[in-house]
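Colleague: Let me give you the structure first, and then I'll get to my questions.
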Amino acid sequence: AAAIVDAALRTGAKAIHPGYGFLSESADFAQLCESEGLTFIGPPPSAIRDMGDKSASKRIMGAAGVPLVPGYHGADQDIELLKLEADKIGYPVLIKPTHGGGGKGMRIVQGPDDFVDSVRSAQREAAASFGIDTLLIEKYITQPRHIEVQVFCDKHGNAIHLYERDCSLQRRHQKIIEEAPAPNVTTEFRAHIGEAAVSAAKAVGYYSAGTVEFIVDTLSGEFYFMEMNTRLQVEHPVTEMIVGQDLVEWQIRVANGECLPLSQEQVPLNGHAFEARIYAENVPRGFLPATGTLHHYRPVLSSPTVRVETGVEEGDAVSMHYDPMIAKLVVWGESRNAALVKLKNCLSNFQVYMPITLIYTSI
1 AAAIVDAALR
11 TGAKAIHPGY
21 GFLSESADFA
31 QLCESEGLTF
41 IGPPPSAIRD
51 MGDKSASKRI
61 MGAAGVPLVP
71 GYHGADQDIE
81 LLKLEADKIG
91 YPVLIKPTHG
101 GGGKGMRIVQ
111 GPDDFVDSVR
121 SAQREAAASF
131 GIDTLLIEKY
141 ITQPRHIEVQ
151 VFCDKHGNAI
161 HLYERDCSLQ
171 RRHQKIIEEA
181 PAPNVTTEFR
191 AHIGEAAVSA
201 AKAVGYYSAG
211 TVEFIVDTLS
221 GEFYFMEMNT
231 RLQVEHPVTE
241 MIVGQDLVEW
251 QIRVANGECL
261 PLSQEQVPLN
271 GHAFEARIYA
281 ENVPRGFLPA
291 TGTLHHYRPV
301 LSSPTVRVET
311 GVEEGDAVSM
321 HYDPMIAKLV
331 VWGESRNAAL
341 VKLKNCLSNF
351 QVYMPITLIY
361 TSI
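According to full-length UniProt numbering, the sequence shown is numbered sequentially starting from 1.
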């Protein structure tokens with residue numbers, strides 16, 4: 001972080017865009033940029049900090065009237081108290097670390113006999129991954145959908161949403177396929193969940209791009225706040241495809257003090273988009289991340305309705321130190337079926353070869 005800030009100062013840069021990597025959700029990095037007179041192209045440090053603590057974020061959301069999954073988000077981590085809270089919530093429950101993400105430290109507990117061991121295991125993983133072992137407990141939704149809403153706010157109090165994305169297709173809590181807009185939802189549901197997301201952003205004095213993630217109970221039709229990602233999401237291109245806007249450009253404009261380019265009523269919704277994440281994984285070994293040289297790499301050609309975003313080339317080595325995603329394939333169609341056909345065709349023509357390793361994509 002310090003090296004990046006130093007490079008910006010030495011080169012005369014006025015702002016830093018953190019992307020969606022390690023520093024994009026670091027309140028300390030955002031604060032460091034501000035203290036050095038650099039514009040951090042993202043939200044205020046206070047919002048990053050508030051939303052980075054899942055327990056704190058849920059308390060803030062509850063106060064703002066955003067629906068929450070029944071659960072315990074308290075600071076007291078006594079094991080007997082946690083067990084009592086789980087009994088009150090009713091099994092099955094979901095144990096989650098209060099910090100971090102990516103599914104690390106999460107445990108589904110079906111009954112009280114497994115609770116204590118699950119807590120201890122989750123605490124160890126949380127401490128090793130995030131340096132903090134505090135947990136929260138929530139009712140486990142057995143038939144969920146993962147629907148998230150893209151929000152955007154400026155520094156003048158304007159806040160809008162740019163519709164929702166369905167990210168339900170996951171493995172080990174890691175997204176594989178994302179699509180926008182979410183299929184099979186009513187106009188009323190879309191408006192309601194969008195309004196809740198905007199309320200969430202306003203509750204923390206947000207500006208720039210953000211994503212409010214909800215879990216939807218398909219049995220009841222109710223949705224509940226999960227967390228807010230205080231950065232540009234990996235899957236933001238599917239939103240760009242359906243609204244016809246450049247969200248990175250919006251971030252830069254907002255960071256420069258400009259108002260949002262569009263009002264809520266002006267945000268278009270055109271067609272349907274899918275994103276498939278291309279992962280380097282060893283399928284015979286249970287889809288574990290794979291390493292090796294990309295001996296053959298031929299992505300499909302980009303066009304106005306097909307985007308390939310990648311950071312590798314043929315001959316590059318896939319490292320064990322980073323996420324195994326090597327590319328994102330994003331397609332747009334006038335309808336969901338048209339977009340799905342295009343996605344299948346593009347995946348069929350996306351050529352990747354690594355020795356021993358298989359590149360897995362799923363629809």
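Even glycine gets a Cβ: it sits at the ideal position worked out from N, Cα and C.
Can you give me the C-alpha to C-alpha distance between residue 46 and residue 188, rounded to a whole angstrom?
Modeller: Taking the straight line from one Cα to the other gives about 32 Å.
Colleague: I need the DSSP call for residue 159, collapsed to helix, strand or coil.
Modeller: Residue state, collapsed to three classes: strand.
Colleague: Can you say whether residue 12 is buried or exposed, counting buried as having 16 or more other CB atoms within 10 angstroms of its CB?
Modeller: Counting Cβ neighbours within 10 Å, residue 12 comes out exposed, since fewer than 16 surround it.
Colleague: Suppose contacts are defined by Cβ-Cβ distances below 7 Å. Is residue 389 in contact with residue 325 by that definition?
Modeller: Any answer about residue 389 is impossible in this case: the structure gives the chain only from 1 up to 363.
Colleague: Between residue 103 and residue 17, is the Cβ-Cβ spacing less than 7 Å?
Modeller: No. Outside cutoff.
Colleague: When we look at the beta-carbon of residue 349 and count the other beta-carbons within 10 Å, is it buried (16 or more) or exposed?
Modeller: It is exposed - the Cβ of residue 349 has fewer than 16 other Cβ atoms within 10 Å.
Colleague: At the level of alpha carbons, what is the spacing between residue 203 and residue 156?
Modeller: The straight-line gap from Cα to Cα measures roughly 15 Å.
Colleague: Quick check: the Cα distance between residue 6 and residue 309, rounded to an integer number of angstroms?
Modeller: Rounded to whole angstroms, residue 6 to residue 309 spans 28 Å at the Cα level.
Colleague: Taking the alpha-carbon of residue 258 as reference, which of 41, 345, 201 has the nearest alpha-carbon?
Modeller: The residue with the shortest Cα to Cα distance from residue 258 is 41.
Colleague: Kindly identify the DSSP beta-bridge partner or partners of residue 282.
Modeller: 288.
Colleague: DSSP three-state label for residue 141, please.
Modeller: Three-state DSSP puts residue 141 in coil, outside helix and strand.
Colleague: In the segment 81–140, which residue ranges form an unbroken beta strand (DSSP E) of at least 3 residues, counting only runs that do not cross its ends?
Modeller: 93–97, 107–109, 135–139, all fully within the segment 81–140.
Colleague: Measure the C-alpha to C-alpha separation of residue 304 and residue 234 and round it to an integer number of angstroms.
Modeller: Near 19 Å, if we compare the C-alpha coordinates of residue 234 and residue 304.
Colleague: Starting from residue 61, trace the alpha helix (DSSP H) both ways and give me its first and last residue.
Modeller: Residue 61 -> alpha helix (DSSP H) spans 54–63.
Colleague: What span of residues does the beta strand (DSSP E) with residue 225 cover, start to end?
Modeller: Run containing residue 225: 223–229, per the beta strand (DSSP E) assignment.
Colleague: Taking the beta carbon of residue 3 as the centre, do at least 16 other beta carbons fall within 10 Å, making it buried, or is it exposed?
Modeller: When all chains shown are included, residue 3 counts as exposed.
Colleague: Name the two residues that bound the continuous alpha helix (DSSP H) containing residue 73.
Modeller: Neither: residue 73 is in no alpha helix (DSSP H) and is coded neither H nor E.
Colleague: Under 8 Å Cβ to Cβ from residue 125, same chain only, skipping five residues before and after it: list those, please.
Modeller: Hits under 8 Å: 97, 104, 105.
Colleague: Please state whether DSSP places residue 39 in a helix, a strand or coil.
Modeller: The answer is strand: DSSP assigns residue 39 an E or B state.
Colleague: Can you find the residues in the same chain that come closer than 7 Å, C-beta to C-beta, to residue 49, ignoring five residues on each side of it along the sequence?
Modeller: If we look at residue 49 and ignore the five residues flanking it on each side, its Cβ neighbours are 27.
Colleague: Check whether the Cβ atoms of residue 95 and residue 122 lie closer than 7 Å to each other.
Modeller: Contact: yes.
Colleague: Buried or exposed for residue 75, please, with buried defined as at least 16 other CB atoms from any protein chain shown within 10 angstroms of its CB.
Modeller: Classification for residue 75: exposed.
Colleague: Among 249, 329, 185, 354, whose alpha-carbon lies nearest the alpha-carbon of residue 283?
Modeller: Taking only the C-alpha atoms, the option nearest residue 283 is 354.
Colleague: Counting Cβ pairs, one atom from each stretch, are 3 or more of them under 8 Å apart for the segment 257–271 and the segment 72–90?
Modeller: Judged by Cβ distances under 8 Å, the segment 257–271 makes no contact with the segment 72–90, as fewer than three pairs qualify.
Colleague: Looking only at its own chain, which residues have a Cβ that is under 7 Å from the Cβ of residue 60, when we skip the five neighbours before and after it?
Modeller: Cβ within range, chain order: 50, 203, 204.
Colleague: Apart from the five residues on each side of it in sequence, which residues of its chain come closer than 6 Å, Cβ to Cβ, to residue 293?
Modeller: Cβ within range, chain order: 317.
Colleague: Assess contact between the segment 52–69 and the segment 245–252, defined as three or more Cβ pairs (one per stretch) separated by less than 8 Å. Is contact present?
Modeller: No: fewer than three Cβ pairs fall under 8 Å.
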